[in-house]
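Okay, so here's the structure we're looking at.
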Amino acid sequence: MASITLDGLAHAYRPDPRGPQDYALKEINHVWRQGGAYALLGPSGCGKTTLLNIISGLVIPTRGRILFDDRDVTRLPTEARNIAQVFQFPVVYDTMTVRENLAFPLKNRKMPREAIARRVEEIASRLDMSSVLDRKASNLTADAKQKISLGRGLVREDVAAILFDEPLTVIDPHLKWQLRSSLKELHRALDLTMIYVTHDQTEALTFADTVVVMHDGAVVQTGTPEELFERPAHTFVGHFIGSPGMNVLPAKVEGRTAHVGGVAIALERAYPALPAGERIELGVRPEFATLAKPGHGLPVKVTRIEDIGRARIARIEISGNPAAAMVPEELSLDGDSAGLTLDSRQIHIYADGVLVPGEPAGREGVA
Amino acid sequence: MDKPVNNRAWLLVAPVFLIVAFSAILPIMTVVNYSVQDTFGNNQFFWNGLGWFQELLDPSTELGGRFLDALWRNLLFSAIILAIEVPLGILVALSMPREGWKVAATLVIMALPLLIPWNVVGTIWQVFARGDIGLAGWAINALGIDYNYTGDPLAAWITIVVMDVWHWTSLVALLCYAGLKSIPDAYYQAARIDGASRWAIFTTIQLPKMKRVLLIAVLLRFMDSFMIYTEPFVLTGGGPGNATTFLSIDLVKIALGQFDLGKAAAMSLVYNLIVLALCWVFYTVMTHAGTERRQEENPA
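Keeping their order, the protein sequence lines are chains A and B.
In terms of this note's numbering, the first sequence opens at residue 196 and continues consecutively.
In terms of this note's numbering, the second sequence opens at residue 82 and continues consecutively.
Below, the structure is given as structure tokens:
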């Protein structure tokens, strides 16, 4: 049981990294709390698997340290760390039965035989696999194999953290959901730190208490699912989380008004200290933008309305910039012009992609 | 469900029938035809029924004794070859580099012996192992060991076995290497996390994953070594005495040396059946080894 600290960690696969472009993983400082459920979310190639492999010890970082509590494990080999990992494709030892598979890590660590048998039974019943213990592991389905790989981590009593590298990739959709909820249950029951790498936002948001979003080798935001949704710290997070993603429109900000093309949008906060020369953008999630009859709110042009089942989403243009908005159930439109009302508390301003906090409304008069 | 019947479909299969008929069925039937007849040359044949087969399978006759001796030699040779080349091939494959320019270099070097024609291999070793001008033969004699593959049956056997190992171990190694390369990294990573020793990784991951290619390697090496002809023919000509006369060499002696077409035909048919039967046994044993019969119940 330990918390895991990443201290100034960075990694380049080239032996002689020259600039930031050579780093697969840019400098990162982070503490994984003991017992937390974390998701590492990001598109393919953003460095999340590299980070995971550094934590598990399969990759030695170019710079920085990893601490398990206060113990420096940066250069310790994998087998000396209290880490288990579940991989994208199920790894089982084909020639062994499920029981032998689960016993394997303990046997390698020279545990007494009776203790191994007891522990294997216990974990098997937790994983709901007691009935298949004596089957050959190679004959089981993909989700059962994935449970075995997880079980090989769980049997070890010294395991501080379990790392998951996109573990549901090869699982049938209807089983994904089941497996994910049994994972959550295990997490609650066992007080283990779990770090779950995925590029699927639904998986990340349903599994984790804390989501770490990575982009291009760097962490762009760490927060609860609500925070990621309501206050994306970077336009990338806005795009990546939510379906459809956040609307990001080029804007000019003056006082408490943002101008998008010829349209003026009232803001909740003032942004007196916007850096000059940077790209200023306004971000608002489609969930906080509602379409209305023409004449109400901002004038917009509707290009298309999509019915996604539980809601309707309009593809619109705000002075030529594409965006998305929700369509209320009772609304029906003639022609392509409509109005748009925005929840002004949910409008964010970004400079070169990074969230600018802004100043609360009350202080604007003072300044 | 009704399937449409159209007799013109036979036309589409006809070319295959023709090719198989001329390449396999007709030649084999010719051999079958010879095997039940005797000839004294001049293209004159006499009916002999199953006489040759009876003689062949009865060790007390001249032909039967000869056949049995050669068969034992062949089986012994194949057993030695498999016992050396398969473990050695696995060992070589395990120590081959996995990435970088060394991979290409190793592959080329490994492939070289496979590219040399059989009779050239025989000639190379015939010269190489000679006591007077051959490097190996001369060196061994210089060490004080009496080595002469043309006079000593044991020396002849060792030379042929070493030659075959030199020629064909690469094939086993390359097949195993392909099998090893197909194992995803995750298996090795998982094994490290599970604290597996090097030996445990070999027995629990590498060997099981190599099973299919090993099956192919064993089958190929068995068939090739069981049917070996050119190299020992060039190297020893079956001697000294009959010490290295394998079935194929004996067969050619009977068919072309003595022109006993009937005996040779009967012998080649039996030879062929033995190869087929042994391959079938190998294949069945190796595909069934270790696989659990799927249980009737569905996985939970």
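For every residue, glycine included, the Cβ atom is placed at its ideal position computed from N, Cα and C.
Given the structure is predicted, the values throughout are model-derived calculations rather than measurements.
Nonlocal neighbours in the same chain, by C-beta distance under 6 Å from residue i, ignoring five residues either side
| i | result |
| --- | --- |
| residue 436/A | 396, 423 |
| residue 170/B | 250, 253, 254, 257 |
| residue 126/B | 118, 120 |
| residue 338/A | 366, 370, 374 |
| residue 336/B | 345 |
| residue 333/A | 289 |
Collapsed DSSP secondary structure at residue i in the structure displayed
| i | result |
| --- | --- |
| residue 369/A | helix |
| residue 221/A | strand |
| residue 207/B | helix |
| residue 282/A | coil |
| residue 86/B | coil |
| residue 177/B | coil |
| residue 544/A | strand |
| residue 359/A | strand |
Classification of residue i by the beta-carbon crowding that lies within 10 angstroms, buried from 16 upward
| i | result |
| --- | --- |
| residue 280/B | exposed |
| residue 330/A | buried |
| residue 374/B | A caution first: residue 374/B carries a pLDDT of 45, below 50, which makes its placement in the model unreliable, though a value can still be read off. Residue 374/B comes out exposed. |
| residue 373/A | exposed |
| residue 276/A | buried |
| residue 307/A | exposed |
| residue 377/B | With a pLDDT of only 38 at residue 377/B, under 50, the local geometry of the prediction cannot be trusted, and the value read off the model is given with reservation. So residue 377/B ends up on the exposed side. |
| residue 335/A | buried |
| residue 280/A | buried |
| residue 40/B | This structure cannot speak to residue 40/B, because chain B is shown only from 82 to 381. |
| residue 189/B | exposed |
| residue 260/B | buried |
| residue 343/A | buried |
| residue 275/B | buried |
| residue 238/B | buried |
Chain A contact residues for residue i, given Cβ-Cβ distances below 8 Å
| i | result |
| --- | --- |
| residue 276/B | 274, 300, 303, 304 |
| residue 259/B | Per Cβ cutoff of 8 Å: no residues; residue 259/B is ~18 Å from chain A at best. |
Close beta carbons around residue i, own chain, < 7 Å, minus the five adjacent residues each side
| i | result |
| --- | --- |
| residue 558/A | Reliability fails at residue 558/A, whose pLDDT of 49 lies under 50, so the model's placement of it is uncertain and no value is given. |
| residue 539/A | 461, 462, 463 |
| residue 163/B | 299, 302, 303 |
| residue 267/A | 260 |
| residue 306/B | 158, 159, 162, 245 |
| residue 492/A | 534, 535, 536 |
| residue 207/A | 217, 218, 219, 257 |
Listed by chain order, chain A residues near residue i by CB distance under 9 Å
| i | result |
| --- | --- |
| residue 239/B | In chain order: nothing, as chain A lies at least about 36 Å away. |
Contact check, residue i vs residue j, beta carbons under 9 Å
| i | j | result |
| --- | --- | --- |
| residue 233/A | residue 391/A | yes |
| residue 410/A | residue 429/A | yes |
| residue 167/B | residue 86/B | no |
| residue 377/A | residue 322/A | yes |
| residue 368/A | residue 283/A | no |
| residue 328/A | residue 293/A | yes |
| residue 225/A | residue 414/A | yes |
| residue 244/A | residue 212/A | no |
| residue 545/A | residue 475/A | yes |
| residue 215/B | residue 316/B | no |
| residue 200/B | residue 218/B | no |
Proximal residues to residue i (C-beta, below 8 Å), its chain only, five neighbours per side dropped
| i | result |
| --- | --- |
| residue 142/B | 136 |
| residue 255/A | 249, 269, 270 |
| residue 327/B | 151, 154, 155, 158, 309, 310, 313, 319 |
| residue 434/A | 440, 441, 443 |
| residue 360/B | 300, 303, 304 |
| residue 322/B | 234 |
| residue 354/A | 277, 278, 279, 348, 387 |
| residue 356/B | 304, 307, 308 |
Partners in chain B for residue i, counting only beta-carbon separations shorter than 8 Å
| i | result |
| --- | --- |
| residue 278/A | 274 |
| residue 288/A | 285, 286, 289 |
| residue 344/A | 271 |
| residue 251/A | 270, 274 |
| residue 441/A | Residues of chain B passing the Cβ test: none, with the nearest at roughly 35 Å. |
| residue 389/A | None at all; the shortest Cβ gap to chain B is about 15 Å. |
| residue 291/A | 285 |
Within chain B, the residues that residue i reaches when beta carbons sit closer than 9 Å
| i | result |
| --- | --- |
| residue 233/A | The premise fails here: residue 233/A is roughly 19 Å from chain B at the closest Cβ pair, so nothing lies under 9 Å. |
| residue 347/A | 271, 274, 275 |
Interface partners of residue i on chain A, CB under 7 Å
| i | result |
| --- | --- |
| residue 265/B | 284 |
| residue 281/B | 303 |
heavy atom of the ligand GDP below 8 Å from residue i C-beta
| i | result |
| --- | --- |
| residue 162/B | Summarising the ligand content, the structure contains no ligands, and the ligand GDP is consequently not present. |
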